[in-house]
Amino acid sequence: MKATRLASAIVASAFGLVSLNALADVPPPQDVAYPGTLQISVDATDLAHRVFRVHEVVPAQPGPLTLLYPQWLPGNHSPSGPIDKFAGLVVKANGKVLPWTRDPLNVFAFHVEVPQGASNVEVDFQYLSPQNTREGRVVMTPEMLNLQWNANSVYPAGYYSRQIKTEASVKFPAGWQFGSALEVASRDGDTVHFKPTTYNTLVDSPIYAGKYFKRIDLDPGAKTPVHMDIVADAPKYLEIKPEQIKPFRELVQQMYKLYGAHHYDHYDFLVSLSDKMSGNGLEHHQSSEDGTSADFFTEWKKNALGRDLFSHEFNHSWDGKYRRPADLWTPNFNVPMQDSLLWVYEGQTQFWGQVMASRSGLWDTEQAHDMWAFVAATYDKGRPGLASWRNVQDTTNDPIIAQRAPLPYRNYQGSEDYYSAGQLIWLDVDGKLRDLSHGKKSIDDFAKDFFGMDNGSFVTNTYTFDDVVKTLNAIAPYDWASYLRTRLDGHGPITGGFEAHGWKLVYTDQPSAAVKAFEARRHVAELTYSLGVSVGKGGQIGDVLWDGPAFKAGLAPSMTVVAVNGHDYDPDALKDAVTAAAKDKNQPIELLVKNFDEYKTIRIDYHDGLKYPHLVRDTSKPDTLTTLFKAR
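Read in order, the letters of the sequence shown correspond to residues -24 to -1, 1 to 608 in mature numbering (1 follows the signal peptide of the UniProt record, and there is no 0).
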């Protein structure tokens, strides 16, 4: 038995000797130079079948070789490598096909025996990308594609990914243009050869390519270029006005003013404007994947809700890629990650993503207040599970627990709340810093001190909880460890940051512009804070607030509302019924619902009217929220 395998424990039982599961027979990664260059060629031209065809040449020595398909994906924080869409594996050496064996305890690992006289093996396989969203995120359409290298490569076990030198090439459909952080070495028709890089950098450098393409310079004349590379479903969606480009250019400058340093020598926003290729938001060190609806620019006003996607993913170049939680850094893509500090990695990025949407002009003041009110209401009334059985810290396990699968009762179960709950914790931290320093310090100081060092450095700089506390203490001495742990591990309210900034959350019967846009975009009647239910297109019930009025009356997410007070379901009719019940305390809201093949009438005894969240000023306190949102 090889030393790399943990010896099986043998125990006696009434039925004889039983062998306990051993660890998979995979060589652990070593921080030593990989002998040779991994060559990866991808043919991305099979648009009809949506198949990527991969050919690799892997330097190898005679003897055992283990090839790994990336499993633990940065940005996903989970073992979500799409191994279910990996197919057609053939391994050859010296022109002969070699047998391979999938490791029974690690299905992402493939073992082969390299014959004598061979100095490499050739590997061929296909990535069968999703045909529809039921199978996963669609990444190839007749007009565009998103090539993610983790899905389109295997690599040798036994080495840190940064030690594996890699040369990659892609054959694109005829005439297509592309955007990527990768640098071009040469072109041969529609085949592009990229400059050599390390395997970890390759995986961190996806490609957006398409028939309809546009590139926009977001920092004209700068020594460190920043571009937006856009692919679209049709040419008309590339008609972008100068006033729409302006806030993105301002975003770059506001980030530089916040951090005082950057950690790339060029940066590319990779943008898809598509109703065919699935939307996406994924961070990388020198680029980001930003997938929006096709009409993102051409219907600019109605798409305001999605604009902070860009500021969020851009912020990750500092928070998440350059500075990374120590338990999220791994030597390769098959060593398990731990997610304990996602409330910093994602939570503070969610905070800055929305603050920077304001500072850059992606959002105006009203839009910013509406969006923050929406988040505040979620953690005021919309997460009963966090008030009872879960805490914010435990939700950092959600990427591994659920991997973003649909949940029956999201409000009660919780779902990656470290994002927006983390955002509110950092708003609270900002208020406390201002209070402790008598207005001289703020979270801007933390951002610069924690993320803004070593301008131009690409080397990942890891951090721990103690590092966060130490930096906060250097800005304003306090028991920050207890302060943070109370909010992360407890069940108390986390909306105090608004009060600290001179604002308060209220509910009225009038929806904000953000709620109206949310309802229109998703075809939803958003009644979470009144009736305790969100009803989608065609009366399909979404989430039902745990122990809310609708829940207590017997509604569940699996049902469909067929009629309201004896008439066909219509979202406005449902809202009218809520309003009418508020005027007549003896009038229940009567819903005819379908549950599987059964129909039944449910009466909801609710009389408090429509309720939508808003932020209003508390004039007894200084307005530091406006200061926070103001451009620097």
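Beta carbons are placed, not taken as given, at the ideal position from N, Cα and C, and that holds for glycine.
For clarity, every value in this text was computed on a predicted model and none was experimentally measured.
Three-state secondary structure assigned by DSSP to residue i
i	result
E275	coil
T200	coil
E219	helix
D421	helix
G57	coil
L460	helix
T536	strand
T306	coil
G257	strand
I470	coil
W294	coil
E159	coil
A(-3)	Below a pLDDT of 50, predicted positions are generally treated as unreliable, and A(-3), at 41, falls in that range; no measurement from the model is reported.
residue 639	Lying before the first or after the last residue shown, residue 639 is absent from the chain, which here runs from -24 to 608.
L281	helix
N571	strand
S181	coil
R366	coil
W125	helix
G518	strand
Other residues of its chain near residue i: CB distance less than 7 Å, five sequence neighbours each side excluded
i	result
M116	L23, R26 and S105
N176	S137 and R138
A161	H169, F170 and K171
Y188	E119, V207, A208, A210, P211 and L214
Y545	G515, V537, V538 and A539
Bounding residues of the alpha helix (DSSP H) (the contiguous stretch that carries residue i)
i	result
V444	F441 to I451
G155	Counting along the chain, G155 falls outside any alpha helix (DSSP H), though it belongs to the beta strand (DSSP E) covering Q153 to S156.
S396	S396 to L412
V83	From DSSP, V83 is part of no alpha helix (DSSP H) but of the beta strand (DSSP E) over N82 to V90.
Cα-Cα separation between residue i and residue j, rounded to whole angstroms
i	j	result
Y395	K492	23 Å
residue 625	G93	There is no way to answer for residue 625, as the model of the chain reaches only from -24 to 608.
G337	D271	19 Å
F84	Y45	5 Å
G329	D1	42 Å
T21	R386	40 Å
F605	W276	21 Å
P382	V500	17 Å
residue 611	H239	In the structure as shown, the chain starts at -24 and stops at 608, and residue 611 therefore has no counterpart that could be examined.
R283	L227	11 Å
P533	V509	9 Å
W365	Y483	26 Å
V351	L285	15 Å
P118	Y388	40 Å
D552	S316	45 Å
V18	L65	14 Å
S293	P375	20 Å
S458	S54	29 Å
P245	L258	Checking the displayed sequence, the identity of residue 245 turns out to be Phe instead of Pro. Near 10 Å, if we compare the C-alpha coordinates of L258 and F245.
K233	R608	7 Å
D430	Y298	10 Å
R593	F474	10 Å
Same chain, Cβ closer than 8 Å to residue i, five either side skipped, listed in chain order
i	result
P91	P38, A69, N70, K72 and L74
N96	G12, V33, V34, P35, A36 and A69
E215	F273 and T274
Y454	K408, L412 and L448
Close-in-space but distant-in-sequence residues of the same chain around residue i (CB under 6 Å, 5 per side omitted)
i	result
T438	R300, A302 and W305
A185	L121, F148, W152 and F154
R113	S254
W339	A333
Q369	L464 and D465
R191	H203 and D205
Element boundaries [beta strand (DSSP E), containing residue i]
i	result
Q15	T13 to D22
G323	Run containing G323: none in the beta strand (DSSP E); it sits in the alpha helix (DSSP H), G323 to S336.
L317	Premise fails: L317 is in no beta strand (DSSP E) and is neither H nor E.
W76	W76 to D79
Q102	N96 to L104
F170	T167 to F170
Nearest-angstrom beta carbon gap, residue j and residue i [assumed within contact, 8 Å]
i	j	result
S145	V130	S145 to V130, Cβ: 16 Å. No contact.
T555	L586	6 Å
T174	K217	The Cβ separation is near 40 Å, so there is no contact.
L503	V538	Not a contact, Cβ separation roughly 17 Å.
W48	V311	7 Å
H590	A558	In fact, because the Cβ distance is near 18 Å, the residues do not count as touching under 8 Å.
P5	N308	5 Å
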